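This report refers to the structure that appears directly beneath it.
There are 6 protein chains.
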Amino acid sequence: MRFDEAYSGNVFINSHPSYEESSVVLYGMPMDWTVSYRPGSRFGPARIREVSIGLEEYSPYVDRELQEVKYYDAGDIPLPFGNPQRSIVLIEEYIDTLLADGKIPLGMGGEHLVSWPVMKAMAKKYPDLAIIHMDAHTDLREEYEGEPLSHSTPIRKIAEHIGPNNVYSFGIRSGMKEEFQWAKDNGMHISKFEVLEPLKEILPTLAGRPVYVTIDIDVLDPAHAPGTGTVDCGGITSKELLASIHAIAQSNIEVVGCDLVEVAPIYDHSEQTANTASKLIREMILGWM
Amino acid sequence: MRFDEAYSGNVFINSHPSYEESSVVLYGMPMDWTVSYRPGSRFGPARIREVSIGLEEYSPYVDRELQEVKYYDAGDIPLPFGNPQRSIVLIEEYIDTLLADGKIPLGMGGEHLVSWPVMKAMAKKYPDLAIIHMDAHTDLREEYEGEPLSHSTPIRKIAEHIGPNNVYSFGIRSGMKEEFQWAKDNGMHISKFEVLEPLKEILPTLAGRPVYVTIDIDVLDPAHAPGTGTVDCGGITSKELLASIHAIAQSNIEVVGCDLVEVAPIYDHSEQTANTASKLIREMILGWM
Amino acid sequence: MRFDEAYSGNVFINSHPSYEESSVVLYGMPMDWTVSYRPGSRFGPARIREVSIGLEEYSPYVDRELQEVKYYDAGDIPLPFGNPQRSIVLIEEYIDTLLADGKIPLGMGGEHLVSWPVMKAMAKKYPDLAIIHMDAHTDLREEYEGEPLSHSTPIRKIAEHIGPNNVYSFGIRSGMKEEFQWAKDNGMHISKFEVLEPLKEILPTLAGRPVYVTIDIDVLDPAHAPGTGTVDCGGITSKELLASIHAIAQSNIEVVGCDLVEVAPIYDHSEQTANTASKLIREMILGWM
Amino acid sequence: MRFDEAYSGNVFINSHPSYEESSVVLYGMPMDWTVSYRPGSRFGPARIREVSIGLEEYSPYVDRELQEVKYYDAGDIPLPFGNPQRSIVLIEEYIDTLLADGKIPLGMGGEHLVSWPVMKAMAKKYPDLAIIHMDAHTDLREEYEGEPLSHSTPIRKIAEHIGPNNVYSFGIRSGMKEEFQWAKDNGMHISKFEVLEPLKEILPTLAGRPVYVTIDIDVLDPAHAPGTGTVDCGGITSKELLASIHAIAQSNIEVVGCDLVEVAPIYDHSEQTANTASKLIREMILGWM
Amino acid sequence: MRFDEAYSGNVFINSHPSYEESSVVLYGMPMDWTVSYRPGSRFGPARIREVSIGLEEYSPYVDRELQEVKYYDAGDIPLPFGNPQRSIVLIEEYIDTLLADGKIPLGMGGEHLVSWPVMKAMAKKYPDLAIIHMDAHTDLREEYEGEPLSHSTPIRKIAEHIGPNNVYSFGIRSGMKEEFQWAKDNGMHISKFEVLEPLKEILPTLAGRPVYVTIDIDVLDPAHAPGTGTVDCGGITSKELLASIHAIAQSNIEVVGCDLVEVAPIYDHSEQTANTASKLIREMILGWM
Amino acid sequence: MRFDEAYSGNVFINSHPSYEESSVVLYGMPMDWTVSYRPGSRFGPARIREVSIGLEEYSPYVDRELQEVKYYDAGDIPLPFGNPQRSIVLIEEYIDTLLADGKIPLGMGGEHLVSWPVMKAMAKKYPDLAIIHMDAHTDLREEYEGEPLSHSTPIRKIAEHIGPNNVYSFGIRSGMKEEFQWAKDNGMHISKFEVLEPLKEILPTLAGRPVYVTIDIDVLDPAHAPGTGTVDCGGITSKELLASIHAIAQSNIEVVGCDLVEVAPIYDHSEQTANTASKLIREMILGWM
């Protein structure tokens, strides 16, 4: 005798009750212990679920309803506070299991470092994997003040792991000079400031390939996503980000996994960031899966 | 010995003291009891008035000053808490009186359901009435979880009342599949996502007709209007909404009434939403009346 | 393969998975449509559950752990937005079912009107029912601006239903002169301003009787509960409210049901009100059940 | 055809429409330009009026209703931004007029400096005037960083004007060593930390005298009044401040004028400070007038 | 020549420790006492410094690092609260000293009136000075409610001082009719609504001239800068403002001084406005100096 | 020995410029990576310093001025994000240096785990060390979800290190049953709920001993300290905490070091928590040093 969860929002809206029957698995990675500036993204996945109750199940963008895709919201991976080493191992193990079960992973962060073990697991299954990365920041550091496990390093790690020429970053407007130089020297693609137009140029070159898409919510301008750790002006609009998701939907790449990270609800009293994230996830599900 | 109300803002700035001498009547409809998500728009009209003190009386957009229009701020219609049936009756009766007195109604919501009795009253006076509707949401439901009186239904009600082909919606980015289908099947105009460009195409076709314009503040992107019940990313900018108001001002339609609804101040700590609403109302007065 | 819900908090901490095996049922009543001042308590139950993750399971006050009581969190009763009549019927029906199943109801509001149908249902099962009511407000109005179903009326309704001499109000510091007079004329107990001391005097007179306890969070001073619709200074501390709960625990009355209402999270950025409510509920469970 | 101002709150609740017929005049002094720390009290009077809609008109403390006193809310005195010299002159002139008309002034600040011209005007009419001052701060500076007109100086000014032995400060917990020393050397009464108990001792010694009472909201602990410029922990509760107001009500002094200052709404998202201020003003009206 | 740290006085990221060796001096002008609407910009400089820790030192826009420019953060000029006359004198004297020492001044407000004494000092050294002014407001009033020293007057003052034809305003969307008329009648340039495109047209005409650039953060739309005194919708994006700074960087004008004013942190809970301001200052340093 | 100003690094009011000449050293420990609930205390030290500008330098409680004590604010210890192991080593090394230099350490957290390495260093110098601990939480866990380095463990660690009978906890109102049992079994003192009265009883028994005092700001009720990670109602008032500090000041114990931890500014929009912390530190300096 459990009511429909009208307001409590423990699972993403319209989540399917059966893991076995679902093709997509949604999960949270509530970790924020390596961030160098403002923490709080550990509460991102829970708040995104909570506000998803405000979503319509239909997308007028792609003319599809959530009922048409079976996705299972697995909740948050329990991660040990303050221990990035073990957290990363636990995430990778979880993704290994999902992939072994034939599921498409759709993750919610948490800080961006959580994407590193996910992408590493993906690369085991898809040797030809490419990465599409939308972010305000390069995330190409080797280490941050001596720590190799930092929210500033995940793209560097995956680029070194699968080859920099398989990584495509868009919307970048912040980083160290050395990071941009490293990308240039190693054949990695970086589109500065813009997402939609350069993405449209790149997508045909990736046709047929398995692609993992990782979106840091701070690729949006702070006007559109104030609820994140590092707000950096000069970003894109939510309209452009939606259009970019739809451009991928219309392309010939195969999205084999994806995530949306760095929503930190405490910095956004209006909750627009979490609401935006929940809509982006709806479009990712309906557009890509 | 009453001071000018330097800060208390009980009336919209420059409101004329005489109802009789005014051609326009501004009034609040502080109702939010049928909203399905976040309530609070009952406080919209009061806050819009309060912050209107920060407005200049001159519009550099239309080169006109508030002194050139006589409008009377009648305060808020007293509505019974939690009783939508009686609230709707009271609103309709009030508009009937305004129209009998030859006034142009300019309403402030409150939730969008308040527009239904206003539009119904307008249609009695103007049999040839057309509706211009700017909103993130279709508002075309027949009922919401069994309730025919809901903030999701006003456009459906007026469309059925005056004929769907007389209703023009702009900026719509959210709704049920059935709502979009109903509009299509019944000849109602819906412009998805955009406002200004499609509006410019429609306006000439309405030349000479009496038009009621209803604006839900959530047609704006949450970046521009975080203080509303349902924030939905991918919306238009305040610049585009201002331009849309000015496009109507330059057209040959006759605006016989209008409203601006769904400002919910509590969700916007910076008060930008109420400030924006007060400027939009200034432009509606100076552009349309 | 669903994780423990480390952060998503869809159920109150340590809730038992089986309705059948539980003796207590926790449920939300997410209704706020008749409030006369600031709405938002519809989100109270969800937020109380969400923050309950921060609670210890052990109470050093009563030296007991949550594991010692089987309670089932049933979620929120789905209530029709803006329709108090139907909402009240639905709540009463639900409580009837709980009582028929031999459960002890523990409700979370929502506005205070939700307690009326609960208490009415309780009175059917317990003809000798007494009410202990802690609140800043009398809630003894016959109607509010013409509406008999209002958040200002529930105590009047139950007092007329079971007899005013069976109702004991504590902590009252706000009401109309007529309300206080009505209580006096009809033999209803009202302790103004204080809770703990007068409660200790009354409790022995109720020994052995079935008692329903209804707590409006605004009995607390706004310093201790800013997140509520009507903040009214001069209230009691959370320490005194905890001590009052423990005084009941040590008495010889039989608590046959209870609720905690009027938590409105949006007005409390620090979330202390929801956190306090979750601790009060823990103490109500451990002290009374 | 102007509605009752259900939400717009332009006047304090139940304000009488006629200046002539009223014995008390309520007015705002929206000035905050000399504050040394956090500005914003200029918006205090407007917000206090706005939230007064949430008040009951009856006081269960003194068993009286607002209808029993005729008070006129004159709005805010228009004060020139950034010009304390002229502001002070304008305030004094206004109070002169009120006193000439036989009115009792009840002022709302604004920063505490606004009390200086009021008290100066009072002293002209009442040569035997005494001052009761409740505050966290001594406000006894001669000047603040070279400025003799500062929010840190009003009590010094009035003490020098009417004699320090006629000034009684309560609740003081902050000031320079020199300020405390000056008070001691000059026979001025300062009760450190406490209000109610020392006040009860002083009141009989003032029996029959005309007294002006000036209350800085920061005499309350920040828990009870976060919305003020200078929050300073260790203050009294709102319960104690209410009791202090009622102690004065029961004494034999004649309150010939009073004010409540330093409410700065922007620092208090829950609006408890403005709500508390509005209740304090109700009790000042019902207890003293 | 380091000021006492009146408002916390941390330093802007990468500030050089030596005044003597630096070519640029960064300083705060924490004054907000003449603002007519919402105060709080006195805390702007301190918060901009505090959040500058979140900046990268490299600009991918101009491919330069902060280490390449020697700038000294002198802290905040100590200004007397509530005394605009003396504040203005102190600011002018300070700029005189900076210019005598051969430094380029880079100021942070504070309200816009602080730019007047700076520009006056600049004009003494550079008789051929031109002003580029980006703002939502004309700031061309002669006085504001009788006060010639007001945040609404600085551009009028400098225009009268160096000749209106040497002043170029961009992005203006608010002002009195008389202000626009005065500009027109006196040959002063005003670009309404837009910044980037008209700026690109004007810049070549200023080639070789010494120019002071004054930016009011409210030239940005409130979506991009909610933390300011007067939010006025219809503004430009942070992307456009960055592009405008870079257009100046690529032009042949000589920026001999500049400021960024009106950041009021209290109105922006997410701190995006202060973060944006700190990035704009980084680009001003790297692009212009 | 001034650290880089990792988080803005302004200085506490009246800090002495010379490390060598100072007897007390104030330092921040901006670490929050092991907290299990709400992070953000890393920004505590910087905000406490920032708001200390609002403090008077004189304490009317102990009749002393800050000028009478030489203390040096060393800024924040740079700690590696997400690495508690290294952070703890760095803190202990720093305290070793301070003690070798004959300084009294006064630390600001950061999460409570930072106190562990400080107390460990103290115990090396003072073999007879006792600990006075004020907190809402026992902090006596052996580990937290497998992590021995957690904000829930510092008191357990020091108790095991110096013997549980040398540790005195006050104000405790939250913990696991096992933690209370462990304390009881091992002769450690825990005063539940209260601080002042039990402290007064314990202090004479510690006469002449070197004592380290560690205060978790959450010993205060959330009404008095909403800006902390774990708000737990039923706590003491700021008045009682001040009185407790003064009781220690009047006792015969020797305070050889102390800290105040867990201020997390983001959860307290009014900034009362940081203001309270800054006043507590003033009283600790003036009362104990």
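Residue numbers (the numbering used here), protein chains in the order written: chain C, 1 to 289; chain F, 290 to 578; chain W, 579 to 867; chain H, 868 to 1156; chain G, 1157 to 1445; chain B, 1446 to 1734. All C-beta atoms, glycine included, are put in the ideal place defined by N, C-alpha and C. Here the structure is a predicted model, which is why all the values come from computation and not from measurement.
Exercise for the section: Compute the distance between the beta-carbons of Thr1143/H and Pro658/W, then report whether it is under 8 Å. Expected result: Not closer than 8 Å, so no.
Practice task
Note down, in chain order, all residues in the region 983-1017 of chain H with a beta-carbon under 8 Å from any beta-carbon belonging to chain G.
Solution key: Residues passing the 8 Å Cβ filter: Tyr1011, Glu1012, Gly1013, Glu1014, Leu1016 and Ser1017.
Problem - Chain-ordered residues of the region 615-630 of chain W with a beta carbon less than 8 Å from chain C - result: So the list reads Arg620, Phe621, Pro623, Ala624, Arg627 and Glu628, given in the order they occur along the chain.
Exercise for the section: Compare the C-beta of Thr1721/B against all C-beta atoms of chain H and say whether one is closer than 8 Å. Expected result: Among the residues facing chain H, Thr1721/B is included, as its CB has a counterpart in that chain under 8 Å away.
Handout entry: Chain-ordered neighbours of His1557/B on chain G, where CB pairs are closer than 7 Å
Key = For a Cβ distance threshold of 7 Å, nothing in chain G lies close to His1557/B: the least Cβ distance comes to about 24 Å.
Exercise for the section: Just tell me which of Met134/C, Ala130/C, Ser174/C and Met176/C has its CA closest to the CA of Ile158/C. Expected result: Relative to Ile158/C, the option among Met134/C, Ala130/C, Ser174/C and Met176/C whose CA is nearest is Ala130/C.
Handout entry: Residue of Val1167/G, Ser1174/G, Ser1179/G and Tyr1175/G minimising C-alpha distance to Leu1442/G
Key = The residue with the shortest Cα to Cα distance from Leu1442/G is Ser1179/G.
Practice task
Would you identify the three-state DSSP class for Tyr267/C, choosing helix, strand or coil?
Solution key: Correct three-state label for Tyr267/C: helix.
Practice task
Could you tell me which of Trp1272/G, Leu1182/G, Arg1220/G and Pro1273/G sits nearest to Ala1230/G, measuring between CA atoms?
Solution key: It is Leu1182/G whose Cα lies nearest to the Cα of Ala1230/G.
Practice task
Per DSSP, which residues does Met867/W bridge with? Please list them.
Solution key: For Met867/W, which the question treats as bridged, DSSP gives no partner whatsoever.
Exercise for the section: Would you be able to state if there are at least three C-beta pairs under 8 Å between the region 438-457 of chain F and the region 401-415 of chain F? Expected result: Note that the region 401-415 of chain F touches the region 438-457 of chain F; at least 3 beta-carbon pairs, one per stretch, sit closer than 8 Å.
Problem - Pair within 8 Å by beta-carbon distance, Glu1121/H and Ser926/H - result: No, these two residues do not count as a Cβ contact at 8 Å.
Practice task
Grab me the residues of Gly476/F's own chain with a C-beta within less than 6 Å of its C-beta, minus the 5 sequence neighbours each way, in chain order.
Solution key: Around Gly476/F: Pro453 and Asn454.
Practice task
Answer yes or no: does any C-beta atom of chain H fall closer than 8 Å to that of Ala678/W?
Solution key: At least 8 Å separates the CB of Ala678/W from every CB of chain H.
Handout entry: Range of the contiguous beta strand (DSSP E) that encloses Val1369/G
Key = Counting along the chain, the beta strand (DSSP E) containing Val1369/G begins and ends at Pro1366 to Asp1372.
Practice task
Could you say which of Tyr168/C, Leu55/C, Thr230/C and Pro17/C lies nearest to Tyr326/F if we only look at CA atoms?
Solution key: Distance check between Tyr326/F and each of Tyr168/C, Leu55/C, Thr230/C and Pro17/C places Leu55/C closest, using alpha-carbon atoms only.
Exercise for the section: Give a yes or no on whether the C-beta atoms belonging to Ser1036/H and Asp1083/H are separated by under 8 Å. Expected result: In this structure, Ser1036/H sits away from Asp1083/H, with a CB-CB distance that is not shorter than 8 Å.
Handout entry: Supposed contact pair Leu1436/G and Leu1397/G - C-beta distance, whole angstroms, cut 8 Å
Key = Confirmed, about 7 Å.
Problem - CA nearest to the CA of Leu798/W, picked from Thr815/W, Val789/W and Gly786/W - result: In terms of Cα proximity to Leu798/W, the closest of Thr815/W, Val789/W and Gly786/W is Thr815/W.
Handout entry: C-beta atoms of Met1445/G and Val1167/G nearer than 8 Å
Key = Contact check for Met1445/G against Val1167/G fails: the beta carbons are separated by 8 Å or more.
Practice task
Work out the CA separation of Val500/F and Pro493/F for me, nearest whole Å.
Solution key: Their backbone Cα atoms lie some 12 Å apart in a straight line.
Handout entry: Cβ-Cβ distance between Gly1620/B and Thr1583/B below 8 Å
Key = It is a contact, given that the beta carbons lie within the stated cut-off.
Practice task
Check whether the Cβ of Gln1695/B lies closer than 8 Å to any Cβ atom in chain H.
Solution key: Gln1695/B does not count as touching chain H.
Exercise for the section: Answer yes or no: do Pro328/F and Gly524/F have a C-beta to C-beta separation smaller than 8 Å? Expected result: No. Outside cutoff.
Handout entry: Interfacial residues, the region 1109-1138 of chain H to chain W, with Cβ spacing under 8 Å
Key = Answer set for the region 1109-1138 of chain H: Leu1109, His1136, Ser1137 and Glu1138.
Exercise for the section: Indicate whether at least one CB of chain H lies closer than 8 Å to the CB of Phe1237/G. Expected result: For Phe1237/G, the answer is yes, since a Cβ of chain H falls inside 8 Å of its Cβ.
Problem - Pairwise C-alpha distance: Tyr1464/B and His1255/G - result: One detail in the question is off: residue 1255/G reads as Leu in this sequence, not His. One Cα belongs to Leu1255/G, the other to Tyr1464/B, and the distance between them is close to 35 Å.
Practice task
Using a Cβ cut-off of 7 Å, pull out every chain C residue sitting near Pro1529/B, in sequence order please.
Solution key: Neighbours of Pro1529/B in chain C, taken as residues at a C-beta separation under 7 Å, are given in chain order as Gly82.
Problem - Asp362/F (DSSP reduced to helix, strand or coil) - result: Three-state result, Asp362/F: strand.
Handout entry: chain B contact residues for Glu643/W, given Cβ-Cβ distances below 8 Å
Key = Per Cβ cutoff of 8 Å: Lys1622.
Exercise for the section: Compare the C-beta of Lys481/F with all C-beta atoms of chain C and state if any pair is closer than 8 Å. Expected result: It does: the Cβ of Lys481/F has a partner Cβ on chain C nearer than 8 Å.
Exercise for the section: With 8 Å as the threshold, decide whether the Cβ of Pro1354/G is near any Cβ in chain F. Expected result: By this cut-off, Pro1354/G is not an interface position.
Problem - Member of Ile104/C, Leu106/C and Val195/C whose CA lies at the smallest distance from the CA of Ala247/C - result: Of the listed residues, the one whose Cα sits closest to Ala247/C is Val195/C.
Exercise for the section: Spatial neighbours of Asp1477/B within its chain, please: CB distance less than 7 Å, with the 5 preceding and 5 following residues excluded, ordered by chain position. Expected result: Hits under 7 Å: Pro1484, Gly1485, Ser1486, Arg1487, Gly1555 and Glu1556.
Problem - C-beta neighbour in chain F for Val809/W, strict 8 Å - result: Put simply, the CB of Val809/W is far from chain F, with every gap to its CB atoms at 8 Å or more.
Handout entry: Where Ile915/H sits in the DSSP three-state scheme
Key = Looking at Ile915/H - three-state DSSP - the assignment turns out to be helix.
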